[in-house]
Amino acid sequence: MKVIVPVKRVPDTAGDKPIDPNDRTVDRDSVESVLCPVNEFSIEEGVRLKEKHGAEVTVLLVGPDSAQPIVRKALSYGLDAAVQVSDEGIAGSDALGTARVIAKALESMEWDLVVFGNQSADARTCLVPAAVAELLGVPSLTFARYLEVDGDKAIAHREHEEGWDVVEAPLPAVVSVVEAINDPRYPSFKGIMAAKSKPLTVKSLADIGVDPASVGAGGAAATMYAFEPRPPKAAGTVVEDDGSGAAAEQLADWMTEKKFV
Amino acid sequence: MRTSPFTEEHEQLRAAIRRFVTDELAPHAEAWEQAGWIDDWVWPRMGELGYLGLAVPAEYGGQGADYWATVVLAEELPRCGSGSVPMAIGVQTDMATPPILKFGTEEQKQAYLAPAVKGEKIAAIGISEPEAGSDVRAIRTRARRDGRDWIIDGAKLYITNGLRADFVTMVVRTAAAESDDPWSGISLFLVDTDLPGFEVARKLDKVGMRASDTALIHLDGVRVPGDALLGVEGHGFKQIMWQLQGERLIGAIGGVAAAQLMFERALAYTREREAFGRPIARFQATRHRLVDMATDIEQVRQLVYDACDRWNRGEYAVTEIAMCKLAAAQMSFRVADEALQLHGGYGYSREFPVERAWRDARLARVGGGSDEVQREIISKLLGL
Chain A
9 MKVIVPVKRV PDTAGDKPID PNDRTVDRDS VESVLCPVNE FSIEEGVRLK EKHGAEVTVL
69 LVGPDSAQPI VRKALSYGLD AAVQVSDEGI AGSDALGTAR VIAKALESME WDLVVFGNQS
129 ADARTCLVPA AVAELLGVPS LTFARYLEVD GDKAIAHREH EEGWDVVEAP LPAVVSVVEA
189 INDPRYPSFK GIMAAKSKPL TVKSLADIGV DPASVGAGGA AATMYAFEPR PPKAAGTVVE
249 DDGSGAAAEQ LADWMTEKKF V
Chain B
30 MRTSPFTEEH EQLRAAIRRF VTDELAPHAE AWEQAGWIDD WVWPRMGELG YLGLAVPAEY
90 GGQGADYWAT VVLAEELPRC GSGSVPMAIG VQTDMATPPI LKFGTEEQKQ AYLAPAVKGE
150 KIAAIGISEP EAGSDVRAIR TRARRDGRDW IIDGAKLYIT NGLRADFVTM VVRTAAAESD
210 DPWSGISLFL VDTDLPGFEV ARKLDKVGMR ASDTALIHLD GVRVPGDALL GVEGHGFKQI
270 MWQLQGERLI GAIGGVAAAQ LMFERALAYT REREAFGRPI ARFQATRHRL VDMATDIEQV
330 RQLVYDACDR WNRGEYAVTE IAMCKLAAAQ MSFRVADEAL QLHGGYGYSR EFPVERAWRD
390 ARLARVGGGS DEVQREIISK LLGL
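Chains A and B are the protein sequences, given in the same order.
As numbered in this note's numbering, residues 9 to 269 make up the first sequence, in order.
As numbered in this note's numbering, residues 30 to 413 make up the second sequence, in order.
Next comes the structure, spelled out in structure tokens:
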């Protein structure tokens, strides 16, 4: 079985993410970049498929050459190889543009299963996995909190507000996983060292047959017109307990009002 | 400007270890302190993660890394908030087991080192006795031959991991010193703790490092097989002097790391705590003390890194390591004391983690060869 785990480089989730007013994208030079934390869960699923089924697992990253440490980091968890699509034409792509690049990259590779994180920690659109499946014409099992491969089908528990549904699809298929799916391991020192020598193939848009006009800022279907910083957090309400029991009543009223109870 | 000794791979290892320490160890630090006991699962868990054998060759289950990977671990472990953890683990990885790799037979490496790397066997080092510590020549624990076996009688004191160890790498007298070689007649043994006659006489109560178990051990006619001898009979003094270099160096690294953590806490607290209308870090008296702490730490860190570099390259740098041990022990207690002072009443309270670190830090000036012993070593090597 061949599995692809697409990963993303995102601005450090702990830091501020300033927006560059000129192109209205995150100013990546001002923040440290990290492997998207959600990918730790999709990578862990990849490692488990490797352990359980002997799957050959390849990392796929769309991003500039400077994102290479992120590829190595992803490999350090024990995956086999990596493909990076790096092209200046990709800059400014929206979710659909990103999906187009990933779909084309996947067309140029052999695979049975693609395991995404359900969303990226920066944009959080949750759109890319389903869009990729749609572009490729394969089934998608999104928001999986459990995944298993049984012969030629994938079975997932699809999470939603009221619980989860058991869904399945024939391979090849696209899956996206939520953080509840597993408990990711730490990369070992052996894994970290081995990541340096694992094969990494870098491809351009031309290599995978993407029309440059369909991606990047020019090909974006979504346009950002304006942005403003998040308003500062409003001060909370302080309830003083004077011993009369009034505070408890106040607290209960407030919780009722906010529909907590 | 000196370049960092750490590679990108070391930094990735650091990130993984820091997460492990923060997520899996730190939440238990307070409970372990109260219980006077680190949970046993820490050993197999760290073994599973490869942290008990970072610098051990792959054929014994290790990660095959260089010494700087060990430095990373020693720098990160104090961040769990308990000095007992780096001490207990340091005994396992850098005190009790390196002599097995260095002097042991293939069978000993498979029987003791490999399971220690996995965390399946817990290790202790037995040097000190009720009447002998740094004066190794004065040890009285004695092994006498009985056929192919040895019978060991005596006592070992201040044995870290002593209540839970599966084996003790032990310094034992096997013959009287020869008149022309006062260092002769001492040997190393790997002593299993489940043998008849091996008894933990009591658990010691200590001012700090309270989560770590420290034992007085009695050996009463403990029969060990001939292949329990580690290295060459009668060469134990030289072998244990080599062992002590690694022990002192790992202690010095941990001392700098503990001081760094204390400094970070003092910095955060003094920036937040207000008095007379402003954060106390804004008072010149406080500021300058923080600067002195940072400078103190950095000086010793560079001294320690230099010794680590020598050790990593295989140099037997006894003088430099003794200097590191002396400087780091004194500095880490000095910094911990300043940090406590800057925390005021909270610093003296059990509700803040500062007092624990202060109590833990005090050990370094006594254990692994006291300040006075390090000075004696350095004086000798200076030809005084």
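Here a beta-carbon is modelled for each residue, glycine too, at the ideal position from N, C-alpha and C.
Kindly provide the ranges of any beta strand (DSSP E) runs that are 3 or more residues long and lie completely inside the segment 222-262 of chain B, ordered along the chain.
List check, beta strand (DSSP E) in window: 227-232 and 243-253.
For tryptophan 61 of chain B, count the other beta carbons within 10 Å of its own beta carbon; 16 or more makes it buried, fewer makes it exposed. Which is it?
With 16 or more other Cβ atoms within 10 Å, it is buried.
Hey, could you find the ends of the alpha helix (DSSP H) glycine 265 of chain B is sitting in?
Segment 265-301, the alpha helix (DSSP H) holding glycine 265 of chain B.
Between lysine 161 of chain A and isoleucine 189 of chain A, what straight-line distance do the alpha-carbon atoms span, to the nearest angstrom?
Using only the alpha carbons, I get a separation of about 18 Å.
Name the residue from B:Trp387, B:Gly397 and B:Arg404 whose alpha carbon lies nearest to the alpha carbon of serine 111 of chain B.
The candidate whose alpha carbon is nearest that of serine 111 of chain B is B:Trp387.
Let me see if you follow: with CB-CB separation under 8 Å, is aspartate 20 of chain A close to chain B or not?
No, because no Cβ of chain B sits closer than 8 Å to the Cβ of aspartate 20 of chain A.
Just list the residues that DSSP pairs serine 184 of chain A with in beta bridges.
Looking at the DSSP assignment, serine 184 of chain A forms a beta bridge with A:Phe124.
How is the beta strand (DSSP E) around threonine 106 of chain A delimited, first residue to last?
Segment 103-115 is the alpha helix (DSSP H) holding threonine 106 of chain A; no beta strand (DSSP E) there.
So is isoleucine 200 of chain A in contact with chain B if we call contact Cβ pairs under 8 Å?
Yes, isoleucine 200 of chain A lies at the interface with chain B (some Cβ there is under 8 Å from its Cβ).
Should alanine 184 of chain B be labelled buried (16 or more other beta-carbon atoms within 10 Å of its own) or exposed?
Buried: at least 16 other Cβ atoms inside 10 Å.
Does the segment 324-341 of chain B come close enough to the segment 374-382 of chain B to have 3 or more Cβ pairs within less than 8 Å?
Flag = no, the segment 324-341 of chain B and the segment 374-382 of chain B do not touch.
Are the beta-carbon atoms of aspartate 249 of chain B and glutamate 228 of chain B separated by less than 8 Å?
Their beta carbons are under 8 Å apart, which means aspartate 249 of chain B touches glutamate 228 of chain B by this criterion.
Whose Cβ in chain A lies nearer than 8 Å to the Cβ of glycine 79 of chain B?
Going along chain A in sequence order, the residues near glycine 79 of chain B (Cβ under 8 Å) are Ser196, Phe197 and Lys198.
Counting only beta-carbon separations shorter than 8 Å, does methionine 30 of chain B have a partner in chain A?
Below a pLDDT of 50, predicted positions are generally treated as unreliable, and methionine 30 of chain B, at 45, falls in that range; the measurement from the model is reported next regardless. No, its Cβ sits nowhere closer than 8 Å to a Cβ of chain A.
In the DSSP output, which residue or residues are listed as bridge partners for glutamine 92 of chain A?
For glutamine 92 of chain A, which the question treats as bridged, DSSP gives the partners A:Leu69 and A:Val210.
Could you list the residues in the segment 76-89 of chain A with a C-beta less than 9 Å from some C-beta on chain B, going in chain order?
Listed in sequence order: Pro77, Arg80, Lys81 and Ser84.
When you compare the segment 111-127 of chain A with the segment 144-157 of chain A, are there three or more beta-carbon pairs, one atom per stretch, that lie closer than 8 Å?
In short, these stretches touch, since the Cβ pair count reaches three.
If I measure Cβ to Cβ from arginine 32 of chain A and keep anything under 7 Å in the same chain, skipping five residues before and after, which residues do I get?
Result list for arginine 32 of chain A: Met232 and Phe235, in chain order.
Quick one: residues in its chain with C-beta nearer than 7 Å to the C-beta of glutamate 38 of chain B, no 5 flanking neighbours on either side, listed in chain order?
Answer for glutamate 38 of chain B: no residue qualifies.
Give me the chain A residues within the contact set of phenylalanine 49 of chain B, using Cβ-Cβ distance strictly less than 9 Å, ordered along the chain.
Those are Tyr194, listed as they occur along chain A.
Using a Cβ cut-off of 8 Å, pull out every chain A residue sitting near glutamine 41 of chain B, in sequence order please.
Result: Lys81, Ser84, Pro195 and Ile200.
Return the CA-CA distance between lysine 267 of chain B and tryptophan 212 of chain B, expressed in angstroms with no decimal places.
Going by the C-alpha atoms only, they are around 8 Å apart.
Threonine 348 of chain B and leucine 319 of chain B look like a contact to me (Cβ under 8 Å); what is the Cβ gap, rounded to whole Å?
The pair is not a contact, with the Cβ atoms about 32 Å apart (cut-off 8 Å).
Leaving out five residues before and five after alanine 55 of chain B in sequence, what residues of the same chain have Cβ atoms less than 8 Å from its Cβ?
So the qualifying residues of the chain are Arg108, Cys109 and Gly110.
Check whether the Cβ atoms of valine 46 of chain A and glycine 125 of chain A sit closer than 8 Å, and answer yes or no.
Contact flag set, yes.
Can a CB atom of chain A be found closer than 8 Å to the CB of glutamine 121 of chain B?
Closer than 8 Å: no.
In angstroms, rounded to a whole number, what distance separates the CA positions of alanine 287 of chain B and serine 361 of chain B?
Roughly 7 Å between the two C-alpha positions.
Taking the alpha-carbon of valine 146 of chain B as reference, which of B:Gln370, B:Ala87, B:Ala167 and B:Asn190 has the nearest alpha-carbon?
Per the Cα distances, B:Ala87.
Below 7 Å between beta carbons is the criterion; list the residues of the segment 81-95 of chain B that meet it against any residue of chain A, in chain order.
Answer set for the segment 81-95 of chain B: Leu83, Gln92 and Ala94.
Could you tell me whether any Cβ in chain A is nearer than 8 Å to the Cβ of alanine 45 of chain B?
So yes, alanine 45 of chain B belongs to the interface.
Residues in the same chain with beta-carbon distance under 7 Å from valine 364 of chain B, minus the five sequence neighbours each way, listed in chain order, please.
Taken in chain order, the residues that qualify are Ala288, Met291, Phe292, Met322, Asp325 and Ile326.
If you measure from the beta carbon of glutamate 349 of chain B to each beta carbon in chain A, is any gap under 8 Å?
No, glutamate 349 of chain B lies away from the interface with chain A (no Cβ there is under 8 Å from its Cβ).
Taking DSSP as the reference, what is the three-state secondary structure of aspartate 123 of chain B?
Here aspartate 123 of chain B sits in helix by DSSP.
Which stretch, first to last residue, makes up the alpha helix (DSSP H) that contains glycine 54 of chain A?
Looking at the DSSP string, the run of the alpha helix (DSSP H) that includes glycine 54 of chain A is 47-61.
Could you list the residues in the segment 94-108 of chain B with a C-beta less than 7 Å from some C-beta on chain A, going in chain order?
Listed by position, the residues of the segment 94-108 of chain B near chain A (Cβ gap below 7 Å) are Ala94 and Ala98.
Under the three-state reduction of DSSP, which class applies to arginine 17 of chain A: helix, strand or coil?
DSSP places arginine 17 of chain A in strand when its eight states are reduced to three.
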